[in-house]
Amino acid sequence: MATVESQSSSPADAKNGNPVAHPANMAVSAVVGSAVAEGTAETVSADSAANHSPKKRGVPEGLWLKCPGCSASVYRKEVEGRLNVCPKCEYHFYVSATDRVAQVLDDGTFEMMNDQLRPTDPLQFADRRPYSQRLVAEQKRTGLTDAVLTGTGMIRARRVAFAVTDSAFIMGSMGSVVGERLARLIEHATKHNLPLIIISGSGGGARMHEGILSLMQMAKVSAALARYHSAGGLYISVLTNPTMGGVAASFASLGDLVFAEPKALIGFAGPRTIKATIGIELPEGFQTSEFLLEHGYIDRIVTRQNLKSEIARAIDYCGK
Ligand SMILES: [Zn+2]
17 MATVESQSSS PADAKNGNPV AHPANMAVSA VVGSAVAEGT AETVSADSAA
67 NHSPKKRGVP EGLWLKCPGC SASVYRKEVE GRLNVCPKCE YHFYVSATDR
117 VAQVLDDGTF EMMNDQLRPT DPLQFADRRP YSQRLVAEQK RTGLTDAVLT
167 GTGMIRARRV AFAVTDSAFI MGSMGSVVGE RLARLIEHAT KHNLPLIIIS
217 GSGGGARMHE GILSLMQMAK VSAALARYHS AGGLYISVLT NPTMGGVAAS
267 FASLGDLVFA EPKALIGFAG PRTIKATIGI ELPEGFQTSE FLLEHGYIDR
317 IVTRQNLKSE IARAIDYCGK
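All you need for the working numbering is the position in the sequence shown, starting with 1, plus 16.
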């Protein structure tokens, strides 16, 4: 296997990424070579820095905090009481995977699956620091073993297969473990005829630290979803800020229903990368939930307060 350099923009990324890519957002495929490789923490976080600073994730400590959406000083407890949504402008702050489980699933119903799968460092990859060390540091900082939690649970008493990625863990990027946990969850949902809910918060796309092994996850998870679809399953994909790169180009875009939180950044390459590559002004609101709803890429914008009810309603509506 070829050596993978941290800033390389290997054309192999484009070749491997495209067959499973959802077409609607792929007008930028000319730049995907750099997009997948760079679509990890550094590049995409820079693109999304305006509304999602990686240094100030979630609701910072302190009684008051400044909302990135409206710049108002808001009372932290009030924000937390509203599922981390600004009371003034409805800005949706970051939510950890663990909090998301608590917000969406009925109390105490989540049964985690495949947490025993742990990431390794098959390429002995190093960028600013060795990947093996980065993994340990991220696990310690986030309390997660990798960027996704998967399992089963109940949503308003409806049993579902459920997964959520956490953008705090290497930008929620999909490495081998994220892909394998998702594939196993989808297979479980297929076997037990469960509705499938995946909430994506993955600015990192495919995890470049695992090179081709992470790109392969796009195909693997997409294939599992195709079998789930053939078996008649209902898959609701929920996109949150940010959902980019190889995650947006695989499972996140393949929902029977695609929901998005308001004003989330959703796309493949970040707007800055695209603008720098093609050299033209991008339309206003490019790659936001609202823009993508208008252009038919997502089905509905759902606020965080309504998410649980809307998922339950969709399950009932689809007769699942
Ligand atoms: Zn606000």
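Where is the CB? At the ideal position from N, CA and C, for every residue including glycine.
Whether residue i touches residue j by CB criterion (8 angstroms)
i, j, result
"residue 192", "residue 135", "yes"
"residue 280", "residue 304", "yes"
"residue 239", "residue 212", "no"
"residue 252", "residue 327", "yes"
"residue 244", "residue 268", "no"
"residue 349", "residue 169", "Here the chain covers residues 17 to 336 and nothing more, so residue 349 does not appear."
"residue 282", "residue 264", "yes"
"residue 256", "residue 277", "yes"
"residue 108", "residue 320", "yes"
"residue 233", "residue 195", "yes"
"residue 160", "residue 185", "yes"
"residue 231", "residue 262", "yes"
"residue 287", "residue 298", "yes"
"residue 96", "residue 103", "no"
"residue 292", "residue 236", "no"
"residue 172", "residue 324", "yes"
"residue 79", "residue 90", "no"
"residue 182", "residue 112", "yes"
For residue i, the residue or residues it bridges with in DSSP
i, result
"residue 169", "176"
"residue 316", "275"
"residue 146", "142"
"residue 81", "90"
"residue 129", "None, per the DSSP bridge assignment."
"residue 252", "213, 273"
"residue 193", "DSSP, once it has assigned bridges, lists no residue as partnering residue 193."
"residue 15", "The chain is shown from 17 up to 336; residue 15 falls before or after that span and cannot be answered."
"residue 222", "190"
"residue 108", "101"
"residue 164", "181"
"residue 259", "282"
Distance between residue j and residue i (C-alpha atoms, nearest Å)
i, j, result
"residue 296", "residue 302", "13 angstroms"
"residue 330", "residue 122", "17 angstroms"
"residue 137", "residue 190", "14 angstroms"
"residue 29", "residue 165", "Below a pLDDT of 50, predicted positions are generally treated as unreliable, and residue 29, at 38, falls in that range; the measurement from the model is reported next regardless. Their Cα atoms are separated by approximately 26 angstroms."
"residue 179", "residue 218", "12 angstroms"
"residue 61", "residue 174", "Summary for residue 61: the model assigns pLDDT 39, below 50, so the residue's position carries little reliability; its value from the coordinates is reported in the next sentence. Cα-Cα distance, rounded: 36 angstroms."
"residue 130", "residue 84", "36 angstroms"
"residue 50", "residue 142", "With a pLDDT of 37 at residue 50, under the threshold of 50, the modelled position of this residue cannot be trusted, and the question is left open."
"residue 318", "residue 294", "32 angstroms"
"residue 333", "residue 156", "41 angstroms"
| Which residues, in chain order, sit with a beta-carbon under 5 angstroms away from any heavy atom of ligand 1? | 83, 85, 86, 102, 104, 105, 107
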